[in-house]
Structure formats: C-alpha cells, structure tokens
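The listed protein sequences derive, respectively, from chains P and U. Each residue of the first sequence is one higher than the one before, counting from 1 in our numbering. Each residue of the second sequence is one higher than the one before, counting from 1001 in our numbering. A short write-up of the structure that comes next.
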Amino acid sequence: MTQTLTELTVWIGGAAGDGIASAGESFAKACSRSGYHVFAYNSYQSVIRGGHVCMHIRIGTHKVYTQGDELDYLIALNQDTYQRYAKRVMPGGAIFYNTDKFQAKPDGLAKNVQLIGLPVMELAGNQLMQNTALMGALIQVIGLDPAATLELIKERFAKKGEAVIKVNADAFDKGTEFAKTKCKPGEIRVGQGDGRRRPLAGGNPMVGFGMVAAGCRFYSAYPMTPASSLLHWLVKYGAKTGLLVKQCEDEISAVNMAIGAGHVGVRAATGTSGGGFALMTEAIGEAGMTETPVVIVEVQRGGPSTGLPTKTEQADLFQLLGASQGEFPRAILAPRTLQECYTAGIQAMNLAEKYQCPVLISSDLYLAERLETFDGVDINHIPIERGPMVAQAGSNGYRRFLDTPTGVSPRALPGTAGTIYTAATDEHDEDGVVISDVFTNPPMRAKMMSKRMRKMDGILKELPAPQIDGPRNADLTLVGWGSTYQVLLEAMETLNKEGFSAGGGSAFGGNVNVLCLQVIWPFPAEAVTKLLVGCKMTMSVEANYTGQIVKLIRMETGLSIQHHLRKFDGEPFELKQVVDQARTILKTKPKESVVASVVSDEGLPPDFSPIESPATGSEAVRQH
Amino acid sequence: MAQVKEYIGKIKPDWCPGCGDFGVLNSLQRAIAELDIAPHNVLVVSGIGCSSNLPGFINAYGFHGLHGRSLPVASGAKLGNTDLTVIVTGGDGDGYGIGVGHFVHTCRRNINMTYIVMDNQVYGLTTGQASPTTEKDVRTKSTPDGTIEIALSPIALALSCGATYVARGFSGENLHLAQLMKGAIEHKGFAVVDVFSPCVTYNKHNTYPWFRERVYKLEDERHDPSDFRLAMEKAFEWGARIPIGLFYKVDRPTYEDEEPALRSGKPLAKQPLVRDDLAAIMEDFI
Chain P
1 MTQTLTELTV WIGGAAGDGI ASAGESFAKA CSRSGYHVFA YNSYQSVIRG GHVCMHIRIG
61 THKVYTQGDE LDYLIALNQD TYQRYAKRVM PGGAIFYNTD KFQAKPDGLA KNVQLIGLPV
121 MELAGNQLMQ NTALMGALIQ VIGLDPAATL ELIKERFAKK GEAVIKVNAD AFDKGTEFAK
181 TKCKPGEIRV GQGDGRRRPL AGGNPMVGFG MVAAGCRFYS AYPMTPASSL LHWLVKYGAK
241 TGLLVKQCED EISAVNMAIG AGHVGVRAAT GTSGGGFALM TEAIGEAGMT ETPVVIVEVQ
301 RGGPSTGLPT KTEQADLFQL LGASQGEFPR AILAPRTLQE CYTAGIQAMN LAEKYQCPVL
361 ISSDLYLAER LETFDGVDIN HIPIERGPMV AQAGSNGYRR FLDTPTGVSP RALPGTAGTI
421 YTAATDEHDE DGVVISDVFT NPPMRAKMMS KRMRKMDGIL KELPAPQIDG PRNADLTLVG
481 WGSTYQVLLE AMETLNKEGF SAGGGSAFGG NVNVLCLQVI WPFPAEAVTK LLVGCKMTMS
541 VEANYTGQIV KLIRMETGLS IQHHLRKFDG EPFELKQVVD QARTILKTKP KESVVASVVS
601 DEGLPPDFSP IESPATGSEA VRQH
Chain U
1001 MAQVKEYIGK IKPDWCPGCG DFGVLNSLQR AIAELDIAPH NVLVVSGIGC SSNLPGFINA
1061 YGFHGLHGRS LPVASGAKLG NTDLTVIVTG GDGDGYGIGV GHFVHTCRRN INMTYIVMDN
1121 QVYGLTTGQA SPTTEKDVRT KSTPDGTIEI ALSPIALALS CGATYVARGF SGENLHLAQL
1181 MKGAIEHKGF AVVDVFSPCV TYNKHNTYPW FRERVYKLED ERHDPSDFRL AMEKAFEWGA
1241 RIPIGLFYKV DRPTYEDEEP ALRSGKPLAK QPLVRDDLAA IMEDFI
C-alpha cells in the first residue's frame, strides 16, 4: 500500500573511501533541484579508509529542519551497514545493496521492507559503478524523476569527457531499469516538489560566502577538521574573486597573518576548530590591544584535546569568551541557520573594522558540514561599514588611539602620509607611544582601557536582539544557542501540533516555545532577562557536559534555567530526544517561574539538579 | 637621497648605553635614507625583546606585536599591501627561539621583505637567560653551569630553508651593516640580515672586543655569494675567524609574483569592498 508523505529519509552507509559523501551529495542535490527541501548530515570518522560512515538525507515538500530520526530507504554499501541499520528501516521501505559484495539475510526486517540486491558487475561491468547503479535503483523505487541525477552526472564528469559521462549515465540507467523490471514501486513516497531549484549548502561555505560578499580579501588558515571545508571553499573561489588564501605553518601564523593584513586595511579572516583556536589565543588579545580588525571562525568539534575530530559539540563557549589574557572588546556571533552563517560573515567583517577589534564566529561541525536547502540570501544589499578612517592628518596632527566618546579612534592605514604611528601590544597612550616600561602612567593606563572597553556599548546596539520563537506564554521554553536552533524549532512544532486541544490546554499539559541565542558576546543581558522573566518553565538543550550557555545566562542575568538536556556523544540531537524530555517535564513538573528557580531546593547549583526522566535511547545523553 | 634625520623617531631609544642595537638602528635609518623611501611607505614590524622596541624609535609605520610572531604579521601586511616596504626587526630569542617555526617557513615563502635580527646571544629583556645562539658551555642566569645545547646557526638555517638573501653584519661596523641592509631592502625576495649586536649588560662573553678580534668581511676574501655550497661552508665558520658580509644571494620568483590573487598588481588593501560577482557564486549552490 503506497503512502504519500510530506517527507522521507534515505541513509547511505559504508566504509570511508566508498564514496558515500559524494553519492549522498548527488542525491541531495538531485532532490534540491527537483523542488524538495533537503537536510543531509554525514556521520563519519577520522579515517581515510575503512571505519563506518553514514549519510542521512531527509527530503520533504516542506522545510525540513533536521536530518530526522527515522529511516525509510537504506543503501548499504557493506555488510556492516546492513547489520547496523537494516532492522531500523520503516515498514514499506527498501534496502539497496550490491550482491557482488555480500548476501543480505531478510531476518528481522520490518513489514513490507523490500530487499533489493543489484548484481553490479553483471549490470554495469565495473564495480566502480556500484554507487551510481544503486542510486539509479533508489530513484526509481522512490519514484523521483531521474533527469536531475543524469544532469548532475553530466556536470560532475564534464571535465573528464563524454566517455566517462556515458559510463556513469549507463550505470545509472541500468540501476533504474533493474528496479523497474525486478522491484515493486516503493510504498513510502514523498509528494510532488514545488519545482523550485533551491540552493544547497553547509554552514562553512555560507560563512565564507558572507565574508567574501562583505569584501574579505585575505584568509589564512591551517587545516583542521571541521574548519577545513571553509578553507577549501574559499580556495575554490579565491582565484575568481581576488581573495588571497594562505595555508600557514600553524594557527599562530594564520591568525597573525590575518592581523597583519587587517592592519594594512585588508578585510581579513582566519578559521579553525577548538585546538587551533587555542593556539590563536594570544593573538586575539593582540588584535584587541593594537585595535586591529580580524575575524576568526571557530568551528567546534568534540573535545577536549584532539577529542572527536569528526563529531559535533558545543563545548568551546568559555574558550571563546575567555581567549587571551586581560580584558579587551570582542564580539562573538553564533549563527543558527545557513542564512545566519551568511549574515554573520558580513556582520563580522563590518564589526571588526568599525570597532577595530577581533570578532569571533562560533560554529560547529553540525552546522558547518550539514547540507541543507535554503530559500536564498540577499546578495544585492550588502552593507559595508568601515568606521572612521583618515586619509591625511588634520591641523592638530594625528593620534591613532584618540580617546573618543565611542571608544573608536579614526584609523589611518600604513602608507598614508602624515599619520605615522606604531601599533603596540604593550599598553600605550593615544599617540601609540608605549607606556609600559619606562613611563608607567596609571591614569593613562586607565584612560586607554576605558577607551577600548567603551566600544562594547556600540557593538551591543548593532547586534540582533534575542527573540522567542513560537507562541507567547508557552508552558515551556526551550533554551539553546547556535546550531541546535532548528532541532528546537522542530521539537516545538511537533509538541505544539500534538499537544493543543480545543480547550486551550493540551493533551500532555502545555505548549512550547524557543529561545535560541545567536549573539553570545556582548551578552544581551537586558533583553534576555526580559524574555526569561516572562517564561513559565525552561529547559536548556546543549551539546556539552557542563551546561555552558546555562552558566553564561546565569552569570549575566542572575537567572537559572530549570531543566536540562545535554548531549556529548558527538552525534547531533535527535528530534525524539528533545521532544521526549520536553514532554516529560510538561507532564510531571510544577509550573514554577524561572525567577524563582534561582534558589535550588536540592542544595545543588540549579543547573545540576537532576530530574527523573526515562532514558531516551542513547546512553551518553545526560539529563538533569 | 633623503636625510637620515627624517627617519629618527619621536621616542628616544631606551636601550642600555653601549647596546649594539643603537648601531643597528642607525644603519637601518641610513639604509632607508639612501634608498630614498618615504617614511610613510615603510612598515617596521617587531615582536618582543629589547631589540623589538625598535619600531618606536624610527620614523616609519610600526607594528610592535607578540613575542615571536613578527614574521607572520609582516607577511600578512606585505601580502595585504605590496606597495609598502616591510622590514621586520627583532632579536635572537624572538626569531630563532619562540618564533623559529615562522622563520623556517618565511624563508621558504620568499615574500619580498627584510628581516633584521639583532643577535646578542642572550635574552636581554628578561635579564640574561640562554638564547638559541648562546654558545655551548656559556654560563647565563638560566645555565649557571654552562649551556648544554649547542648554538643554532642562523645563517645555515636561513640558507637551508630557502632565504634568497642571507647576510651577517656587526653593529661595530656601521657603514658595512648599512650597505648589507640596503642590499637586503633592494633585494626582491626574503632577505635575512643577522647582526652581531652585543648585549653590554648580560653577555660578558660575546663582547665588542671579542667580535672585533674575530670578524672578517667575506667580500675582502672574494667570496662568491652565488655559490650556495660555499655559503653553507662559511655559515659554519666559527672560532678564531668569523665571517660577516653577504653569504648568499639568488633570484627566485617571490610569493607575490606567483600568488593568483595578486596578479592584477593592485594591492589587496586598495581593492574595492563592494562586489558584483555574487550572483555567479550563488548559482554554484544550486
């Protein structure tokens, strides 16, 4: 019995080196070009060959916020994948595999799951065509138009010539033909797409795109997963856009080069993950002290130390906040969506120059490496704000670090006649003359500190104010930051859909909204306080062990989040985990106000007070 | 030719009386004046250490950065604005100790800039510990029984890493040093000038008289600076006779010459910030 749904999910699994990412990307792109919304997430390991890799691709006729928890169709490129996931395929789904590789036993499969084994050698004459042939069969069984995939094959192999295109297109056709003649049409179908060809990207390219759009001309970096794809994207567009991309000997060099370029007036950035960011630490203070614009993208992965190179986590918040000794102005943006990655790239470039300070973009593997469709971004109205610049000295001479009401001193670039100065990492006066060693001058020191720190007031006013998504006066507010935004939105929609009853209450006891922060620093304390005071119950959702955003919120507002869902197993939150935890709280907990919860009745810090709740299926999910 | 006094900074150097760095500063001012480069077109980048205070003492743009990180800052600045004359100054601890990783790779890169190292074989600003160029068995505050490690050879290191102009001067030979610096600034590529710049306070071993007894000029002995093997041999000559002068010079395309983003010839800092090519990038996402 065929069921036409608004979405379906395909998993492609195998070993590293099996070409899973490229097969998954092709499928994702074929769908995004056929009018579907797509969200794909590749779960992989830090090995070049072997290991286990599985790409989850969810497509829908509506916006799909996450990779989804369920599995309708599985392409198993090896026996390991089959054994891991075959039993999870939903009733009416199908499993595709290469019969030359292994024999699949249909034991324990859900009802009406088709087991589709392709004799790849016999069909395509070449084992290298395995992925293409299996993809053909999948497209046929799901009932998607093969035209988009054939178009992609042509594009992908255009440089390799007609012969290569033909071999691949033939293998694909053999796969569709096999499925047409030997298999039943798939029972799980997705409705017709809307025909729009949507852009498909990940967070790293979108941050890069935003920075390029805002005139970034210099990017220096040392390779580090999961920031490397930002380097690769920028290299690809470097030659086309006049962006200089420099691979450096280490992250210390990378950030210092970007600072050097920023010092002479080039919009410059560097990118890394937590370990590399740790090496950049000292130079972030250098940018703060010398008042040099620089943008640093920190794509978090599982820590500590080398940690989980290919897994996601949100555990570097305090590293971002505390990077470098002493105090200096900085901004930290935490984009939550692909569009926000783009706008954060633009905004970071502007803030860095306008306020002459380091601007950090906090991302993570889950945001950076996903593949998701989006409905476009504004490429025609890019604000470019550099702040005050001087082309020549005035009659009173030039003071590079002039004390002004905003803390921002007009900037002259090296090469300008009549405005010579030295930018020093030692404390200095308004002229840039070092006061640290010989002429120690406490009032001057205090004046220069105040001047620099005053810039934070201006930055705060420029940043988007935090907002609550969803119904006002909800019974439970889900609190998070950065990349978990969309899973929170989906959880909210799921709960509110199932929960509402005609009487205004709900079947399980309430409805839900979301407060997910996209600005970390300067912390919008006043706005967050106002929003939280109006909340009934709160539950934080964070991919870390200690509850970092919860701590920051309490530090800055004095308010404590009551309930907590934390995950640190390296995999992104599943919708079910968030929904189950929220449901439990709504069912069992008294509806006390967030303000009252500052005092914990368990004698523990409030964010460590455990609540009883059923396990959600993953041992490493820590629930309080 | 410009006057040397045009390059005198507004701050009086705070080095100890008799410090070798005075001679280095004077020679550098003379070299730039002789080359007639306007002060505002010069950027002097340094790290941390006594010698790294130099940017404040010269009338030119300056960036007085972190300990050991002057070369990456200077590299970014030069790649960002190729119209600037970029000169990096620092000491042996800054350049051959904490910053040696950057030194190695900057030599490979051959960016068109000059690196002047005031090599006094000791950490001065931290009051006299052993440095990477302290000779074996020399007693310092951190090695009261004498250093156990052997000294690094900056000349050999620069040569082996691919620097295209490698010289050594002595701050007791000002005019000779100025000529080496002039050649370094004029050289198209990464030029290293290691300078014996005695620390009169903390190095009682490598003193002015110690150097005067030993140094001789390579050019007086018809050294051929195009001969790499000979340069390498001279790099390790140490003892009764120590060579100063130009060890090696070779023309190799600079990093800027081969960098695609710089092909237009217009410095990055002078490129427009508003773009008109975003639609094409957007199309690639589809």
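Note that CB positions come from ideal geometry on N, CA and C, so glycine has one too. Quick caveat: nothing in here was measured; it's all calculated off a predicted structure.
Using only alpha-carbon positions, find the residue among the options that is nearest to residue i.
i                      : options                        : result
residue 145 (chain P)  : P:195, P:49, P:165             : P:195
residue 222 (chain P)  : P:275, P:175, P:170            : P:275
residue 14 (chain P)   : P:80, P:318, P:374             : P:80
residue 38 (chain P)   : P:409, P:355, P:140, P:372     : P:372
residue 128 (chain P)  : P:537, P:170, P:289            : P:170
residue 578 (chain P)  : P:492, P:528, P:561, P:526     : P:492
residue 49 (chain P)   : P:546, P:567, P:150, P:20      : P:20
residue 1120 (chain U) : U:1046, U:1246, U:1051, U:1268 : U:1051
residue 663 (chain P)  : P:482, P:424, P:409            : The structure shown has nothing for residue 663 (chain P), since chain P only spans 1 to 624.
residue 1162 (chain U) : U:1148, U:1145, U:1228, U:1152 : U:1228
residue 1033 (chain U) : U:1089, U:1059, U:1242         : U:1059
residue 450 (chain P)  : P:482, P:406, P:31, P:467      : P:406
residue 515 (chain P)  : P:184, P:336, P:208, P:78      : P:336
residue 511 (chain P)  : P:238, P:498, P:82             : P:498
residue 269 (chain P)  : P:278, P:152, P:259            : P:259
residue 1341 (chain U) : U:1066, U:1196, U:1281         : Any question about residue 1341 (chain U) goes unanswered here, given that chain U covers just 1001 to 1286.
residue 1278 (chain U) : P:54, P:380, P:301             : P:380
residue 289 (chain P)  : P:65, P:436, P:483, P:239      : P:436
residue 581 (chain P)  : P:176, P:476, P:71             : P:476
Quick one: does residue i have its CB under 9 Å from some CB of chain P?
i                      : result
residue 1062 (chain U) : yes
residue 1251 (chain U) : no
residue 1081 (chain U) : yes
residue 1275 (chain U) : yes
residue 1051 (chain U) : no
residue 1044 (chain U) : yes
residue 1104 (chain U) : yes
residue 1091 (chain U) : no
residue 1073 (chain U) : yes
residue 1032 (chain U) : no
residue 1272 (chain U) : yes
Which partner residues does residue i have in the DSSP bridge list?
i                      : result
residue 200 (chain P)  : P:373
residue 11 (chain P)   : P:56, P:74
residue 294 (chain P)  : P:358
residue 1242 (chain U) : U:1215
residue 189 (chain P)  : P:4
residue 481 (chain P)  : P:517
residue 259 (chain P)  : For residue 259 (chain P), which the question treats as bridged, DSSP gives no partner whatsoever.
residue 331 (chain P)  : P:359
Would you verify that the beta carbon of residue i is, or is not, closer than 9 Å to some beta carbon of chain U?
i                     : result
residue 595 (chain P) : In this prediction, residue 595 (chain P) scores a pLDDT of 42, lower than 50, which makes its location untrustworthy; no coordinate-derived value is stated.
residue 189 (chain P) : no
residue 607 (chain P) : With a pLDDT of only 42 at residue 607 (chain P), under 50, the local geometry of the prediction cannot be trusted, and no value is derived from it.
residue 272 (chain P) : no
residue 498 (chain P) : no
residue 211 (chain P) : no
State buried or exposed for residue i, treating a residue as buried only when at least 16 other CB atoms are found within 10 Å of its CB.
i                     : result
residue 472 (chain P) : exposed
residue 619 (chain P) : Residue confidence is low: residue 619 (chain P) scores 34 on pLDDT, short of 50, so the model does not pin down where it sits. Its coordinate-derived value is still stated next. Flag for residue 619 (chain P) reads exposed.
residue 544 (chain P) : buried
residue 62 (chain P)  : exposed
residue 610 (chain P) : Unreliable positioning characterises residue 610 (chain P) in this predicted model, as indicated by a pLDDT of 37, which lies under 50. A coordinate reading is not provided.
residue 464 (chain P) : exposed
Could you check whether residue j and residue i sit closer than 9 Å to each other, using their CB atoms as the reference points?
i                      : j                      : result
residue 210 (chain P)  : residue 346 (chain P)  : yes
residue 441 (chain P)  : residue 470 (chain P)  : no
residue 399 (chain P)  : residue 291 (chain P)  : no
residue 1093 (chain U) : residue 1069 (chain U) : no
residue 114 (chain P)  : residue 94 (chain P)   : yes
residue 419 (chain P)  : residue 1055 (chain U) : no
residue 226 (chain P)  : residue 312 (chain P)  : yes
residue 1049 (chain U) : residue 1090 (chain U) : yes
residue 208 (chain P)  : residue 384 (chain P)  : no
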